[in-house]
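Residue numbers (the numbering used here): 13 to 265.
The beta carbon of each residue, even a glycine, is placed where N, CA and C say it ideally should be.
Computed from a predicted structure; not experimentally measured.
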């Protein structure tokens, strides 16, 4: 058990490197890496936590919280993990050697760490530190709104992007922050407005690095085309932007 988290992180790093070296990476590879990160982190946390929870009800509660967190936090974690990958690229782009470690290893590893962090907080809340339920609710409500932005988001699984996305969008450079379009619209749901608010805040924190800027600009254009997209729409746009930016950079190297 003590070695399982390190094995998981090593697998995620290797899988990320394999994508970074593949100029024609596909959506199923991102789907696999993110599910390995999320479900692997949940499994590690369960093996660590279940033996230390005193009652059967709390053990069941922990497992239920883990699956709820996977469903509700999946899309927000994809976005935050991609932001971590942007800063990884910013830091590593100045290496004298162009190593395939800038983006996707950091992407998957940070996603696993975020999923595991939810497990740690859930464990200590069930162990009696009830004050932790406060931040769980405060962070959980926006994540819930984002992940269930409309009726079409009412699915068991948060991600269905295992099939090829064709055509990938054209790469565009960032122009202006478009995300106020969502909550300025009279037709947007509360979840769609929350997606817009989160996007507007995060937009300003994306660093100036090649992959990061290509993803940001492409997502900007996709959002302008469909500011009332739901969580599944936005997740597909993110997959497409990640891959389009990756292929564009690989084609110029």
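Residue i and residue j closer than 9 Å at C-beta
i	j	result
residue 29	residue 147	no
residue 181	residue 101	no
residue 65	residue 139	yes
residue 119	residue 96	yes
residue 194	residue 208	yes
residue 93	residue 49	yes
residue 43	residue 174	yes
residue 192	residue 240	no
residue 253	residue 234	yes
residue 12	residue 188	The question about residue 12 has no answer here: the residues shown for the chain are numbered 13 through 265.
residue 135	residue 81	no
residue 211	residue 157	no
Buried versus exposed, by CB contacts within 10 Å (16 or more), residue i
i	result
residue 159	buried
residue 165	buried
residue 206	buried
residue 242	buried
residue 90	buried
residue 78	buried
residue 76	exposed
residue 116	buried
residue 171	buried
residue 114	buried
residue 230	buried
residue 153	exposed
First through last residue of the alpha helix (DSSP H) which encompasses residue i
i	result
residue 60	39 to 61
residue 194	192 to 196
residue 237	222 to 237
residue 33	Here residue 33 belongs to no alpha helix (DSSP H), and DSSP marks it neither H nor E.
residue 146	145 to 159
residue 264	243 to 264
residue 177	From DSSP, residue 177 is part of no alpha helix (DSSP H); its letter is neither H nor E.
residue 168	Looking at the DSSP string, residue 168 is not in any alpha helix (DSSP H), and its letter there is neither H nor E.
residue 15	Counting along the chain, residue 15 falls outside any alpha helix (DSSP H), and DSSP gives it neither H nor E.
residue 211	202 to 215
Beta-carbon contacts of residue i that lie in its chain and below 6 Å, excluding the five residues immediately before and after
i	result
residue 53	124, 127 and 128
residue 27	45
Contact set for residue i: own chain, Cβ-Cβ below 7 Å, skip 5 residues either direction
i	result
residue 201	161 and 162
residue 25	117 and 121
residue 247	87, 90, 171 and 173
residue 56	16, 17, 20 and 128
residue 109	none
residue 262	35
Nonlocal neighbours in the same chain, by C-beta distance under 8 Å from residue i, ignoring five residues either side
i	result
residue 259	35, 36, 37 and 180
residue 19	none
Any non-hydrogen atom of the ligand FMN within 8 Å of residue i CB
i	result
residue 262	Absence of the ligand FMN from the depicted structure is noted, as is the absence of any ligand whatsoever, leaving it without description.
### Task
Identify every run of the alpha helix (DSSP H) within the stretch 56 to 134, keeping only runs that are complete inside it and at least 4 residues long; order them along the chain.
Listed in chain order, the complete alpha helix (DSSP H) runs (minimum 4 residues) inside the stretch 56 to 134 are 68 to 104.
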